[in-house]
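Structure record follows, encoded as structure tokens.
2 protein chains.
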Amino acid sequence: MTLPYRAVMAAVGDELLRGIVSENNASWLAGELFKLGWRLEAIEVLPDREEALFDFLRRWIDEVDLIFISGGLGSTPDDKTRSAIAHYLGAPLVLCDDLFDKIVLRHPEETRPYLENVRSTQGAVPQGAEPIFNPIGTALGMRFRHNATTVVVLPGIPWEFRAMAEELLRQLPRGDRYSAQIVVVGWLEMDLKEKIAELVVGREESFSFLPAPNSVTLVISGEREDVEDLERRVRSLVGEDCLSSGVSSLPQAVIEEAVSKGFTIASAESCTGGMVGEAITEISGSSRAFLGSAVCYSNESKENILGVSREILERDGAVSAPCALSMATGARKIYKAHLAVAITGIAGPEGGSREKPVGTVWFGVSGLGEDKAVELHFSGDRQTIRRLATTTALELFWRRLKGA
Amino acid sequence: MTLPYRAVMAAVGDELLRGIVSENNASWLAGELFKLGWRLEAIEVLPDREEALFDFLRRWIDEVDLIFISGGLGSTPDDKTRSAIAHYLGAPLVLCDDLFDKIVLRHPEETRPYLENVRSTQGAVPQGAEPIFNPIGTALGMRFRHNATTVVVLPGIPWEFRAMAEELLRQLPRGDRYSAQIVVVGWLEMDLKEKIAELVVGREESFSFLPAPNSVTLVISGEREDVEDLERRVRSLVGEDCLSSGVSSLPQAVIEEAVSKGFTIASAESCTGGMVGEAITEISGSSRAFLGSAVCYSNESKENILGVSREILERDGAVSAPCALSMATGARKIYKAHLAVAITGIAGPEGGSREKPVGTVWFGVSGLGEDKAVELHFSGDRQTIRRLATTTALELFWRRLKGA
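In order, the protein sequence lines correspond to chains A and B. Those letters in the first sequence? Residues 1 to 404, per our numbering, in order. Those letters in the second sequence? Residues 405 to 808, per our numbering, in order.
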């Protein structure tokens, strides 16, 4: 095989094709492989049917260096991956008692009889395949080679898949592709393209533009030296709307900015219901700057907890500039934070009116400069509007902290 | 084609294979098709390369009734879907000025010049294909038939994809499969399998078990009469741990239970940082019962906002039974709610100790019965622990409301 190293992944499970569970292992693996300089050629979601897996293997074996398969390693008849691999290899399933005993011994005595029920399925791999220990769950994984292709089969349960895949990824050689990501906040894709057009012309293959709500992520890939040079030039053209190098998300940028300057932050949320708090606290170490978020969904709680006056609530309503401002100053006060951002809006699908249609969101900013209120109108379904409002609140935090 | 109707979907985009953007359109579409009684045979994520799309079309055209393709309809050279389809059909791209003019006129005058730059790409479809209007963005979709297969191509941007797909789904005939979902809370997959073994034997194909943190979703599918009969029998065997028919998630169950009994609820969150509030407020109409959530990440805010005593914080620490209880009673008081649940724990990866390792989470319940504190230990990464804690808090709400 020639560089870059190439891989494909199949996620197996009827539930994934029925929309009952969404497939996230592949997306995570894609990112890990990309960081290692590998190229992922395709992701396929397949049903629990042997023929579908055979067809997948026939198409990709000898085409790529590495095949990942996840799912279908449960202990019931609807789990077909283990037997499909055995049939594909024309090999019987053999018990791996050494490894499975380790799994049994990890469990308390009273649950061990259950585990014995699944030994004959989850503790077996086809003869000739190498079993892979499962540090969390009960199903063993497996690995085998076919000519130049290695096939790895892991459980689909996300935390098991991730733990086992991480171990395997550590053993992979690194590819020769280098890449850099630049997150540009508050820009539209077309504006960014126009701004850096001179860099892109003739090198279109090196640039990917990934629009997200409220930002565009630019990925530059190729030889390390070129990528570093292009990154420098993009940053100098675009200026201060870029997140710092190595910072891949707004919450991370908010926390790094606050921590480096010694500021504390808090929020007050109505329609986002806790999404701002969640986004920030997903960052490990966020407690160094983030104090909390008062989710005040009812008008009474806006009044009692944040100190929004009844006059504002009755005269201007909960979705208004005075209420957003008052929520922000209230949050800053009760959390004793340097900076607070408040969000109050109508996420729908109900609750809109002619003056304040669904998608109307008011933001309040208090601290580290003059207090201000900002009104925006978003379109989309309830969850889209809430996500857009959350990203906007994070942007408001970030800009105010940067300017402070 | 014979029933059930069959479909496949391809999501096109290098960014999806690099883990920079996760693919959610397919999962959503899968659920919609399943509800219509259709069978989704596969989901494939493909790179922005014509040959990959040709290979996909060659494999699936004439095999299924409907092919969905999303993505790669941007206006830059890395977007290859439009030209790939034109090459596949051997037809030139033709401008659809009527439809594209409607898109231009929707925009304010000052941004129209930008739109003219993309007319020649996003306003064109291959001759013979039928253009599909985009009610939100700028790229037209397209549709064409090849023998018995209909191919639909839509933009990958989620809100555009969804709006355009919804319109198409309304025109589809319904399949003959019927299905029912039963969510069983607090059970392990193996316990549920054992409990309903007598129903499953000989009908394995009708049952899917979908384990989730803290619950198992059982999907029964087949002929309507059989499914309804099996659902009744499962519910009578499993008993009160099943969510009601038609209720597919714990947040929905919590809100329905609270609203039907006229109770109000609130929460206090530390390590979950707002996830409980977010999960509940994702339900439209949650404001009829949910008052808010005090996200108190810092010790000072637990003291100042929730009234946790300094003595508790110093003697027992923030992750303890007394603190969890005091947070719950505090939240109940400041929100004037009938019931409050509090969460305080160590999500990691830092902050653990020998006595309180990462994954230790205390829950407090106050109202509608005796106050209580519950300790649980979760394993996994930061986000997994937070998710497990969130689900547990929702379960505590639900059980207390059910018993009230």
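Just so it is clear, CB atoms sit at the ideal spot from N, CA and C, and this is done for glycine as well.
Take the Cβ of residue i as the centre, count every other Cβ of all protein chains shown within 10 Å, and call the residue buried at 16 or more, exposed below.
i, result
"A:V200", "buried"
"A:M1", "Because A:M1 sits at a pLDDT of 39, beneath the cut-off of 50, its placement in the model cannot be relied upon, and the following sentence gives the value as read from the coordinates. It is exposed - the Cβ of A:M1 has fewer than 16 other Cβ atoms within 10 Å."
"A:K193", "buried"
"B:E799", "buried"
"B:L780", "exposed"
"A:E166", "exposed"
"B:P535", "buried"
"B:D501", "exposed"
"B:G752", "buried"
"B:K665", "exposed"
"B:L519", "buried"
"A:E278", "buried"
"A:G202", "exposed"
"A:E269", "buried"
"A:L105", "exposed"
"A:G246", "exposed"
"B:G763", "buried"
For residue i, which residues in chain B fall below 7 Å Cβ to Cβ?
i, result
"A:Y335", "S705"
"A:M164", "Within 7 Å Cβ-Cβ: nothing; A:M164 doesn't reach chain B, min ~13 Å."
"A:Y88", "Going along chain B, no residue has its Cβ under 7 Å from A:Y88, so there is no contact; the nearest lies around 18 Å."
"A:F290", "Y701"
"A:L210", "E419, I424, V425"
Please list, in chain order, all residues of the same chain as residue i whose beta carbon is under 7 Å from its beta carbon, the five residues on each side excluded.
i, result
"A:Y335", "A266, L291, G292"
"B:I684", "P655, V658, I659, S690, F694"
"B:A793", "C675, T676, I747, G749, V765, F782"
"B:A809", "Since the first and last residues shown for chain B are 405 and 808, residue 809 of chain B lies out of range."
"B:N538", "I507, L544, G545, P559, E564, M568"
"A:P158", "N24, N25"
"A:D207", "Rather than Asp, the amino acid found at residue 207 of chain A in this sequence is Phe. Correct list, in chain order: V200, L218, I220."
"A:L237", "K195, I196"
"B:E609", "none"
"A:P213", "R387, L388, T391"
"B:L572", "V556"
"A:D79", "D48, G72, L73"
Using a cut-off of 7 Å between C-beta atoms, extract the partners of residue i located in chain A.
i, result
"B:N428", "S22"
"B:W766", "Going along chain A, no residue has its Cβ under 7 Å from B:W766, so there is no contact; the nearest lies around 17 Å."
"B:W464", "Correct list: empty, because the minimum Cβ distance to chain A is about 12 Å."
"B:F537", "Near B:F537 there are no residues of chain A at all, since even the closest Cβ is about 16 Å away, more than 7 Å."
What whole-angstrom Cβ distance do residue i and residue j have, given they're in contact under 8 Å?
i, j, result
"A:R332", "B:A434", "Rounded, the Cβ-Cβ distance is 44 Å, inconsistent with contact."
"A:A318", "A:D371", "18 Å between Cβ atoms; not a contact."
"B:F548", "B:S474", "Incorrect: roughly 16 Å between the Cβ atoms, too far for contact."
"A:L325", "A:G364", "4 Å"
"A:L306", "A:G330", "3 Å"
"A:R241", "A:V184", "Residue identity check: residue 241 of chain A is Asp in the sequence provided, not Arg. Going by Cβ atoms, the distance from A:D241 to A:V184 rounds to 5 Å, so yes, they are a contact pair."
Going along chain A in order, which residues have a C-beta closer than 8 Å to the C-beta of residue i?
i, result
"B:K597", "T76"
"B:V680", "G274"
"B:A698", "G292, A294, V295, I305"
Residues of chain B with CB closer than 9 Å to the CB of residue i, please, in chain order.
i, result
"A:Q383", "E686"
"A:F34", "L421, R422, G423, I424"
Excluding the 5 residues preceding and the 5 following residue i in the sequence, name in chain order all residues of the same chain whose CB lies nearer than 8 Å to its CB.
i, result
"A:L188", "P211, V216"
"B:F820", "Any property of residue 820 of chain B remains undetermined from this structure, which presents chain B solely from 405 to 808."
"B:T553", "W464, I465, D466, E467, V468, D469, L470, I471"
"A:H107", "L115"
Considering only residues of the same chain and omitting the five flanking positions on each side of residue i, which have a CB-CB separation below 6 Å?
i, result
"B:Q531", "A495, P496, V498"
"B:A414", "E448, L450, F460, I473"
"B:S479", "V522, T525, Q526"
"B:A741", "T668, I669, A670, L695"
"A:V21", "E15"
"A:G403", "none"
"B:S770", "A732, T733, R736, A744"
"A:L401", "E257, A258"
Which bits of chain A does residue i rub up against, with CB to CB less than 9 Å?
i, result
"B:S691", "Y297, S298, G351"
"B:N708", "I334, Y335, K336"
Please determine whether the Cβ atom of residue i lies at a distance below 8 Å from any heavy atom of the ligand ADP.
i, result
"A:E205", "Of the ligands one can find in the structure shown there are none, so the ligand ADP has no counterpart to examine."
Name, please, each residue of chain B whose Cβ falls closer than 8 Å to the Cβ of residue i.
i, result
"A:V219", "E419, R422, I424"
"A:A42", "L421, E448, V449, L450, P451, A456"
"A:G31", "R422, G423, I424"
If contact is defined by three or more beta carbon pairs under 8 Å, each pair taking one atom from either stretch, is the stretch 221 to 231 of chain A in contact with the stretch 169 to 178 of chain A? yes
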